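In what follows, a single structure is set out as structure tokens and then discussed.
Numbering (the numbering used here), first residue to last: 4 to 149.
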């Protein structure tokens, strides 16, 4: 499977995106510890007391960033894998994967650092363009089989 250069390129960027999601999860855990804002009573008790079973605005921001990453990266993983099987040019595929990756990294940075609008929205749009392109190309490639 990794003899397919396009799929290997997809696997590279897909793995980086999964690692990025793990990093957001680690950041969320560290923010919970620093802010003493735990979702579960047993965690709060372990780290200082029941009063720390509470919400925190920045923890919630981290969770929203993580949820948004999952909502967008999971469809990309499907689209990218199927797109890789349609025989696209390596250069064009690499541009799709890189653009999505960069858009998602910028989106996460904008979310976590609360950068001014419309930074996060633009990053979202940048990442959606290659997904829409891949979806259209997949549909065109399989339309005759449907």
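Even glycine gets a Cβ: it sits at the ideal position worked out from N, Cα and C. Remember, it's a predicted structure, so these values are computed and weren't measured experimentally.
I'd like to know whether the C-beta atoms of residue i and residue j end up nearer to each other than 8 Å.
i	j	result
residue 108	residue 23	yes
residue 13	residue 90	no
residue 68	residue 25	no
residue 72	residue 129	no
residue 94	residue 87	no
residue 136	residue 110	no
residue 20	residue 11	no
residue 65	residue 29	no
Using three-state DSSP, classify residue i as helix, strand or coil.
i	result
residue 133	helix
residue 138	helix
residue 120	coil
residue 5	coil
residue 149	coil
For the ligand MN, any of its heavy atoms closer than 7 Å to the Cβ of residue i?
i	result
residue 145	Looking at this structure, you won't find the ligand MN or any other ligand, since it has none at all.
For residue i, which option in the options has the closest C-alpha, if you only look at C-alpha atoms?
i	options	result
residue 56	68, 66, 126, 43	43
residue 1	147, 50, 103, 118	In this structure the chain extends from 4 to 149, so residue 1 is not present and cannot be described.
residue 126	101, 29, 32	101
residue 59	39, 47, 75	39
residue 134	117, 51, 147, 77	77
residue 16	105, 121, 50	105
Unbroken stretches of the alpha helix (DSSP H), 4 residues or longer, contained in the stretch 33-98: With a minimum length of 4 residues, the continuous alpha helix (DSSP H) runs that stay inside the stretch 33-98 are 44-49, 60-87.
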